[in-house]
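Right, one structure below, let's go through it.
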Ligand code: UD1
Ligand code: CA
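Structure below.
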């Protein structure tokens, strides 16, 4: 945008969000991995709106921390209405910026395209104020657009102040506007709070400008859901559903196969490479990034996890892990934060791993717990192996070298180092370091009592007991 075309933005996010019935401010309600208001900020940024002034009030410090720096913040000390909130932002608009977009902070489905179209319409019609409107089959709760018989906009009336015939109007105010900055600056001080809620309504600015003879325009959103406000948890759930579909569709268009969109849950913060197939009942959440040509699911939960290419992960719960390429995980693995799986590692059923690196092509295939461990390349960790990393007071590390063979049901009592190429006999509790290429065996030796079982059977049949030999 050229200098003279610069458009500033004001985002209203000072309200408590009473209807959410939450301990948290509405602006921070989590929505597919991001705070609710971040979606509005991203749409404005995408449309080139700059600077963006966010009006905060309820939980101000928390909201500011949650939305991040990169915006200007204005304080509304008391929630006296959307008009009052807008007024707090006006002194932060730099001199010489002719136009300003005002946006509700609670409309997460808004897109950069919608903001661009609103600003374009405002510019092309030469309006002093443009309100984005939507035609709704059920306009309940929204402010209604009041027009005269020629279609000229007279003002906006809030639901609670509306006459019965006004309630029948289905064209609603979406709380997105574009104003000539000087016109808005002049109109705001003329607001009053003589209405059902005793608030200074931003909506009344439209009537004030229209009555003063200013040109007021409506830009009607082609998709009425795009600018929908989220006031309660049911609307939050509906917004999440719409956003989720948008995310899944975009991934499909980018070359990802999604077998069942109805049971696939992917946050807005997630990346997936092309030719990856996502099977049903898969969740990809938080800062997760998956490479190309992977198969994920069915029944997979991934959170804050990095995955390379050509991996096969299914029916497992994975949080905070780093997984290189060509790794397979599942079924029924539980990978906890700090797990690093190097290229070609294989993790099988009922394996729990925490704060542990598993080397290239190493196999951990059955019933194992690895905690606070480093395992080298091409090692084999047998079924039922347990690292005893916690002594009740402190955690200790286990280091297992390259090509080590750990037999089934070994108990590795940390701190412990097993040298490269060593062999741990099955069922051994290992307490001391094992040098490279050694065999460590720690068991009670087996006693065989020839004929014992037969003698026991025979004595039972005679009603007696075995002699215990
Ligand atoms: C508002 C509009 C209504 C419109 C609807 C669209 C007004 C008076 N009403 O109603 O016409 O149809 O949005 O979604 O504008 N806020 C503040 N400070 C305040 C009050 C609100 O910052 O003192 C913020 C809120 O945090 C919220 C936004 O403004 O992000 C809208 O407020 P909300 O209470 O949700 O207004 P609605 O009742 O939805
Ligand atoms: Ca609202």
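Numbering (my numbering), first residue to last: 33 to 501.
Glycine residues also receive a C-beta, built at the ideal position from the N, C-alpha and C atoms.
Computed from a prediction, not measured in an experiment: that's the story for all the values here.
* Asked: Which of helix, strand or coil does DSSP assign to residue 172?
  -> The sequence position of residue 172 within the chain shown is 140, counting from 1. Three-state DSSP puts residue 172 in coil, outside helix and strand.
* Measuring from the CB of residue 138, is there a heavy atom of ligand 1 at a distance below 7 Å? -> For the purposes of this step, residue 138 is identified with residue 106 of the chain shown, where counting begins at 1. Correct: residue 138 has its Cβ closer than 7 Å to ligand 1.
* Label residue 430 either buried or exposed according to how many other C-beta atoms from any shown protein chain fall within 10 Å of its C-beta, with 16 as the threshold for buried. => Against the chain shown, residue 430 aligns to sequence position 398. Its Cβ being crowded by 16 or more others within 10 Å, residue 430 is buried.
* Rank 104, 210, 159 and 76 by C-alpha distance to the C-alpha of residue 144 and give the top, closest one. => Start at 1 with the first residue of the chain shown, and residue 144 comes out as number 112. Checked all of 104, 210, 159 and 76; the closest Cα to residue 144 is 76.
* Asked: Taking 7 Å as the cut-off, does the CB of residue 225 come closer than this to any heavy atom belonging to ligand 2?
  -> Position 193 of the chain shown, counted from the start, is the residue given in the question as residue 225. Answer for residue 225: no, Cβ out of range of ligand 2.
* **Where the beta strand (DSSP E) containing residue 14 begins and where it ends** => Given that the chain is displayed from residue 33 to residue 501, the structure contains no residue 14 and the question cannot be resolved.
* Of the residues 152, 38 and 206, the one placed nearest residue 126, counting alpha carbons only -> In the chain shown, residue 126 corresponds to position 94, counting from 1. When only C-alpha atoms are compared, the closest one is 38.
* Asked: So, helix, strand or coil for residue 167, using DSSP?
  -> Counting from one through the chain shown, the residue named residue 167 turns up at place 135. Of the three classes helix, strand and coil, the one that applies to residue 167 here is strand, per DSSP.
* To do: Return yes when at least one heavy atom of ligand 1 lies under 7 Å from the C-beta of residue 108, else no.
  => Here residue 108 is taken as the residue at index 76 of the chain shown, counted from 1. Yes, the Cβ of residue 108 comes within 7 Å of a heavy atom of ligand 1.
* What are the boundary residues of the alpha helix (DSSP H) that includes residue 216? -> In the chain shown, the residue the question calls residue 216 occupies position 184. Residue 216 -> alpha helix (DSSP H) spans 213-219.
* To do: Could you tell me whether the region 273-286 touches the region 172-189, using the rule of 3 or more Cβ pairs below 8 Å?
  => no
* Asked: Which residue's Cα is closest to the Cα of residue 130: 314, 136 and 216?
  -> Here residue 130 refers to the residue found at position 98 of the chain shown. It is 216.
* Spatial neighbours of residue 484 within its chain, please: CB distance less than 6 Å, with the 5 preceding and 5 following residues excluded, ordered by chain position. => In the chain shown, residue 484 corresponds to position 452, counting from 1. Within the same chain, residue 484 has no close Cβ partners at all.
* **Any non-hydrogen atom of ligand 1 closer than 7 Å to residue 206 Cβ** => As a working note, residue 206 is residue 174 in the chain shown. Yes; taking the cut-off as 7 Å, the Cβ of residue 206 has a heavy atom of ligand 1 nearer than that.
* Under 8 Å between C-beta atoms of residue 378 and residue 392 -> Along the chain shown, one-based indexing puts residue 378 at 346. Along the chain shown, one-based indexing puts residue 392 at 360. No; because the gap between Cβ atoms is not below 8 Å, this pair is not in contact.
* Asked: Taking 7 Å as the line, does the beta carbon of residue 234 fall inside it for any heavy atom of ligand 1?
  -> As a first step, residue 234 is located in the chain shown; it is residue number 202 there, counting from the start. Correct: residue 234 has its Cβ closer than 7 Å to ligand 1.
* May I ask whether a heavy atom of ligand 4 can be found less than 7 Å away from the beta carbon of residue 263? => Ligand 4 is absent from the structure shown, which contains only ligand 1 and ligand 2.
* Own chain residues within Cβ distance below 6 Å of residue 352, not counting five before or after -> Walking along the chain shown from the start, residue 352 turns up at place 320. Counting only Cβ-Cβ distances below 6 Å, and skipping sequence neighbours, we find 336 and 369.
* Asked: Based on the DSSP secondary-structure assignment, which residues constitute the bridge partners of residue 148?
  -> Along the chain shown, one-based indexing puts residue 148 at 116. According to DSSP, which records beta bridges pairwise, residue 148 is partnered with nothing at all.
* Asked: Where residue 154 and residue 339 are concerned, what is the direct C-alpha to C-alpha distance, given to the nearest angstrom?
  -> On the chain shown, residue 154 is found 122 positions in, with the first residue counted as 1. On the chain shown, residue 339 is found 307 positions in, with the first residue counted as 1. If I take the Cα positions, the gap works out to 46 Å.
* Own chain residues within Cβ distance below 8 Å of residue 513, not counting five before or after -> The question about residue 513 has no answer here: the residues shown for the chain are numbered 33 through 501.
* **Within 8 Å, strictly: CB atoms of residue 329 and residue 308** => On the chain shown, position 297 is the one that residue 329 refers to. On the chain shown, position 276 is the one that residue 308 refers to. No; because the gap between Cβ atoms is not below 8 Å, this pair is not in contact.
* **CA nearest to the CA of residue 341, picked from 359, 123 and 334** => Within the chain shown, numbered from 1, the residue matching residue 341 stands at position 309. Answer by Cα proximity: 359.
* Asked: Are the CB atoms of residue 104 and residue 88 nearer to each other than 8 Å?
  -> Taking the first residue of the chain shown as position 1, residue 104 is located at position 72. Taking the first residue of the chain shown as position 1, residue 88 is located at position 56. Cβ atoms of residue 104 and residue 88: not closer than 8 Å.
* Asked: Is it true that the region 224-234 meets the region 243-257, where meeting means three or more beta-carbon pairs spaced less than 8 Å apart?
  -> no
* **residue 113: CB within 7 Å of a non-hydrogen atom of ligand 1** => The sequence position of residue 113 within the chain shown is 81, counting from 1. Yes; taking the cut-off as 7 Å, the Cβ of residue 113 has a heavy atom of ligand 1 nearer than that.
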